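Novice:
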């Protein structure tokens with residue numbers, strides 16, 4: 003019967019008209035796939051196809067692909083056109099146009115400009131071969147209608163489901179038919195009206211349109227460009243990111259901002275008890291028209307309004323409310339209808355004011371126990387004013403309804419003492435628990451505002467739970483009784499204190515009833531003679547806590563008790579053998595149980611206790627030497643006492659006396675003397691500081707004076723650290739009180755002044771007494787001939803001696819060598835090159851010098867000049883010398899009488915001192931042939947003519963030259979060429 007009911011619901015979907023705008027040549031405007039359970043693994047699958055009447059004809063069949071992701075199964079079946087009646091009474095292929103009577107669509111008149119659409123159903127009965135958590139039914143139609151947001155591709159849809167856990171499930175279906183038409187830049191609300199025939203929870207969202215083969219899986223279509231860009235979920239088509247969808251109700255709200263057809267794909271997921279069963283999807287077009295309209299406004303008048311604007315009710319209580327739909331356009335002709343026949347079949351709705359600008363609706367329903375949860379009443383309002391272009395505009399309004407179930411607590415239960423009962427409540431929320439008089443207090447609950455508290459009552463208790471979230475429900479309260487049964491009667495055992503090795507009896511005082519079987523179990527069994535006796539004996543070595551459990555054949559509740567057998571494990575004397583100074587006291591450190599009786603006593607020697615009967619008395623031991631003390635711990639009933647001892651060594655207090663204070667010079671030595679009493683006891687001795695002593699561990703060390711020091715001698719007993727000390731102040735006068743002026747250097751023949759300073763100087767003596775004017779003064783003058791170190795020996799006012807020294811370095815004498823004189827001729831210069839060890843030079847006069855501060859200047863005076871030079875070494879020693887430069891007034895010219903080409907004398911040319919101008923220089927061989935000629939006084943003949951060597955022999959030359967003074971020089975002579 004359920005399957006027939008589902009089919010009836012599917013076939014009874016109300017057909018709602020839509021009116022599309024003109025589309026391009028195509029035929030696929032939308033599609034969806036749903037299924038219904040028939041029996042076992044048999045299902046009927048429907049493929050709904052929305053065809054554009056202007057495009058290609060509907061297909062004769064549609065391939066349906068079944069895919070099992072668990073076993074990689076895949077099969078394609080052929081879906082044939084549905085032969086039954088469509089919801090609304092139409093046949094397969096009936097129009098779903100939004101056209102008004104005066105505006106036929108292309109489905110009614112092919113010549114019409116108003117596009118129309120047909121609804122085609124295809125079906126097939128299939129039997130699934132296996133169980134899988136994710137089956138997929140998928141299919142695709144060729145030639146998607148053109149859209150503004152996606153390219154023209156195949157139109158692909160799919161549905162998934164889980165027949166492993168939900169074998170008898172039928173899919174959700176859409177109760178509102180496409181195709182929605184909206185006016186541009188006008189707020190719009192739309193709802194596909196998803197309904198689940200099984201009463202499961204549905205969650206709606208928007209996803210990418212898909213393309214792909216019939217067997218999928220589908221592939222998301224890439225959106226076309228847009229401003230702003232298309233995106234999921236806020237801008238699936240051009241809404242300027244105003245698109246939103248309510249996942250619980252499926253209500254979509256947006257303001258379309260781009261005229262034309264747009265693809266929109268919604269998905270509805272089905273959940274049962276939080277587990278996903280599967281989903282269905284619908285891919286349709288949204289037609290955005292260039293029209294102007296004002297959407298009607300719905301207001302709801304309900305008594306119980308919950309969060310999110312939902313209307314709330316209770317089972318078995320009548321729920322009624324009214325709603326009003328008003329258009330601001332008084333010319334509007336509104337018609338309202340709803341989906342209550344599918345979503346809430348038992349409800350009644352009525353409308354007044356149809357075909358006017360204001361409609362009043364009323365809703366009445368008495369929900370039953372199976373109606374708990376969310377419902378959606380979708381009211382579709384059609385504006386049939388039929389303004390051009392001749393379409394009816396549809397608006398969807400969702401009224402969410404939530405039905406509260408009765409508040410029910412778990413059934414009454416019984417527990418044993420100290421057990422817990424786990425309570426639970428369903429129906430309602432925001433719970434408050436309380437208790438009725440006569441039971442345990444409310445603190446016996448783990449929480450008082452939760453749905454599942456844990457109850458631990460000591461006596462039988464009645465708990466009341468109230469749901470405060472729905473106070474308008476009459477059944478928002480319930481009670482539950484937790485009974486506490488009593489266990490077996492026995493005498494609880496008090497905790498016992500004993501000593502190690504003692505035996506104690508554990509007696510439960512149980513009075514057995516005739517014919518009743520009892521069972522006793524002690525845990526742990528440690529130290530027990532029998533862990534199943536009612537009166538076992540325990541001989542513990544350490545403290546132990548026993549838990550006993552008693553059960554019987556006539557009582558399901560067990561009795562329990564615990565008893566602690568506390569074993570006094572003596573005490574611990576933490577104080578090791580120690581030592582004290584004569585007359586001193588010490589306090590021993592003992593840890594142990596305060597329940598013991600403690601007693602102190604002395605084994606030998608005398609001693610005084612502040613209180614011998616406490617754990618930690620103050621003890622003043624005597625006499626000198628070793629003393630032994632005992633501590634005994636006793637407890638009533640214990641057969642053996644605990645005893646410990648400690649040895650105390652008493653050491654004498656030393657008395658120390660050292661030398662009187664003294665004075666000395668630095669680096670002097672002094673033997674110190676320390677007297678310690680009593681002298682017959684070996685004390686540890688330490689002088690501090692000890693760095694200036696040869697041995698700081700003896701009574702009379704040697705002190706080496708370095709600085710004023712306060713020395714302290716401390717005598718210390720080795721064990722008790724009994725100490726005494728005395729000090730001596732040794733004032734040390736500085737031994738390094740003389741400071742001599744730093745090393746110096748002089749040139750030979752110079753003098754240096756020595757200098758010495760210091761505090762409290764009394765007398766001096768400089769050594770060696772060589773080339774020094776006075777060796778007994780602080781500032782003598784010395785003039786050594788070679789490097790010499792002078793040492794001063796000084797005595798201060800304290801009679802202390804000190805020395806210092808000064809090194810006087812005698813540098814090498816400066817040396818400089820120059821020729822006495824040189825001669826130059828007109829136009830010549832002379833570069834002076836002095837010899838010696840000087841590094842720095844000063845020449846005078848500067849006339850005729852190229853530089854006056856270099857070692858080798860060039861000189862070219864106009865008259866005879868004597869130059870003086872002062873040379874200085876790197877060490878600053880100086881010397882002087884001079885050179886005379888004679889200037890000849892006339893140049894000298896001459897020629898040799900032979901030359902030999904290829905040797906140092908290989909060129910025959912004019913020999914000269916001073917400047918001269920050559921008029922001509924000509925050479926002839928013995929036949930009168932000219933072999934060389936030049937006017938350049940610096941050039942000569944190399945013994946060749948035209949590149950060929952000339953023979954040996956005598957050659958004739960003529961020369962004509964003029965000196966700067968105008969003197970003529972002419973000559974004719976012979977020259978011999980020698981090879």
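In my numbering, the protein residues as written are 3 to 981. Every residue, glycine too, gets a C-beta built ideally from N, C-alpha and C. Keep in mind the model is a prediction, meaning the values are calculated, not measured.
What separation, rounded to the nearest whole angstrom, lies between the Cα atoms of residue 24 and residue 258?
Specialist: Annotation note: pLDDT 32 at residue 24 (below 50); position unreliable, coordinate value reported separately. So the two alpha carbons sit approximately 17 angstroms from each other.
Novice: Are the CB atoms of residue 374 and residue 401 nearer to each other than 8 angstroms?
Specialist: Not in contact: residue 374 and residue 401 (Cβ atoms no closer than 8 angstroms).
Novice: Under the assumption that residue 285 contacts residue 267 (Cβ atoms under 8 angstroms), give the Cβ distance between them as a whole number of angstroms.
Specialist: About 5 angstroms; that satisfies the 8 angstroms criterion.
Novice: Got a sec, what are the start and stop residues for the alpha helix (DSSP H) residue 697 sits in?
Specialist: Taken as a continuous stretch (DSSP letters only), residue 697 belongs to no alpha helix (DSSP H), as it is neither H nor E.
Novice: List in chain order: all unbroken alpha helix (DSSP H) runs of 4+ residues lying wholly within the stretch 328-382.
Specialist: 342-345, all fully within the stretch 328-382.
Novice: What first and last residue would you give for the beta strand (DSSP E) that runs through residue 625?
Specialist: Element bounds for residue 625: n/a, residue is neither H nor E.
Novice: According to DSSP, simplified to helix, strand and coil, what is residue 310?
Specialist: Residue 310: helix per DSSP, three-state reduction.
Novice: May I ask you to report which of helix, strand or coil DSSP gives residue 645?
Specialist: Of the three classes helix, strand and coil, the one that applies to residue 645 here is strand, per DSSP.
Novice: Can you name the start and end residues of the beta strand (DSSP E) that residue 826 belongs to?
Specialist: Where residue 826 is concerned, the enclosing beta strand (DSSP E) stretches over 823-826.
Novice: Would you tell me roughly how many angstroms separate the C-alpha atoms of residue 190 and residue 206, rounded to the nearest one?
Specialist: If I take the Cα positions, the gap works out to 18 angstroms.
Novice: Would you decide whether residue 304 is buried or exposed? Buried here means 16 or more other CB atoms lie within 10 Å of its CB.
Specialist: With 16 or more other Cβ atoms within 10 Å, it is buried.
Novice: Which word fits residue 287, buried or exposed, when buried means at least 16 other C-beta atoms lie within 10 angstroms of its C-beta?
Specialist: Residue 287 should be labelled buried.
Novice: I need the DSSP call for residue 140, collapsed to helix, strand or coil.
Specialist: Three-state DSSP puts residue 140 in a strand.
Novice: I need the boundaries of the beta strand (DSSP E) containing residue 763, first residue and last residue.
Specialist: Run containing residue 763: 763-769, per the beta strand (DSSP E) assignment.
Novice: So what's residue 726 in DSSP terms, helix, strand or just coil?
Specialist: Residue 726 falls in the strand class under three-state DSSP.
Novice: Which residues in the same chain as residue 316 place their Cβ atom closer than 6 angstroms to its Cβ, once the five residues preceding and following it in sequence are excluded?
Specialist: 406 and 475, listed in sequence order.
Novice: Between which two residues does the beta strand (DSSP E) holding residue 257 run?
Specialist: Counting along the chain, the beta strand (DSSP E) containing residue 257 begins and ends at 254-257.
Novice: Can you tell me whether residue 686 is buried or exposed? The criterion is at least 16 other CB atoms within 10 Å of its CB, across all chains shown.
Specialist: The residue is exposed, with fewer than 16 neighbouring Cβ atoms inside 10 Å.
Novice: With distances taken from CA atoms, which of 544, 421 and 48 is nearest residue 80?
Specialist: Comparing Cα-Cα distances from residue 80 to each of 544, 421 and 48, the minimum goes to 48.
Novice: Quick one: grab the DSSP three-state call for residue 445.
Specialist: Helix at residue 445.
Novice: Quick one: is residue 167 buried, meaning 16 or more other Cβ sit within 10 Å of its Cβ, or exposed?
Specialist: Residue 167 is exposed by the Cβ-count criterion.
Novice: Whose C-beta lies closer than 7 angstroms to the C-beta of residue 572 among residues of the same chain, with five residues either side of it excluded?
Specialist: Contacts found: 594, 635 and 644.
Novice: Could you give the uninterrupted runs of the beta strand (DSSP E) lying entirely in the stretch 840-886, keeping only those of 3 residues or more?
Specialist: Within the stretch 840-886, the complete beta strand (DSSP E) runs of at least 3 residues are 842-846 and 867-874.
Novice: In the DSSP assignment, find the beta strand (DSSP E) that holds residue 416 and state where it starts and stops.
Specialist: Segment 415-417, the beta strand (DSSP E) holding residue 416.
Novice: Quick check: the stretch 456-469 against the stretch 522-534, are at least 3 beta-carbon pairs closer than 8 angstroms?
Specialist: These segments do not touch.
Novice: Helix or strand or just coil, what does DSSP make of residue 394?
Specialist: In the structure shown, residue 394 sits in coil (DSSP, three-state: anything other than H, G, I, E or B).
Novice: Do residue 924 and residue 960 have their C-beta atoms closer together than 8 angstroms?
Specialist: The answer is yes: Cβ separation under 8 angstroms.
Novice: Is the separation between the beta-carbon of residue 383 and that of residue 333 shorter than 8 angstroms?
Specialist: No, Cβ-Cβ distance for residue 383 and residue 333 is not below 8 angstroms.
Novice: Would the stretch 601-612 count as touching the stretch 738-755 if we require 3 or more Cβ pairs under 8 angstroms?
Specialist: Not touching, per the Cβ criterion.
Novice: Give me the Cα-Cα distance between residue 864 and residue 848, rounded to the nearest whole angstrom.
Specialist: Taking the straight line joining both Cα atoms gives about 13 angstroms.
Novice: So does the stretch 853-863 actually touch the stretch 794-802, counting three or more Cβ pairs closer than 8 angstroms?
Specialist: Flag = no, the stretch 853-863 and the stretch 794-802 do not touch.
Novice: Which first and last residues belong to the beta strand (DSSP E) in which residue 157 is found?
Specialist: Per DSSP, residue 157 belongs to the beta strand (DSSP E) from 157-163.
Novice: Does residue 980 come out as helix, strand or coil in the three-state DSSP assignment?
Specialist: Three-state DSSP puts residue 980 in coil, outside helix and strand.
Novice: Find the nearest neighbour of residue 916 within the set 906, 927 and 940, judged by alpha-carbon distance.
Specialist: Considering only alpha carbons, the answer is 940.
Novice: Under a Cβ-count criterion, where at least 16 other Cβ atoms within 10 Å of its own Cβ denotes burial, should residue 77 be classed as buried or exposed?
Specialist: It counts as exposed.
Novice: Below 8 angstroms on the Cβ atoms is my contact criterion, and I expect residue 53 with residue 123 to pass it. Report the Cβ-Cβ distance as a whole number of Å.
Specialist: Rounded, the Cβ-Cβ distance is 11 angstroms, inconsistent with contact.
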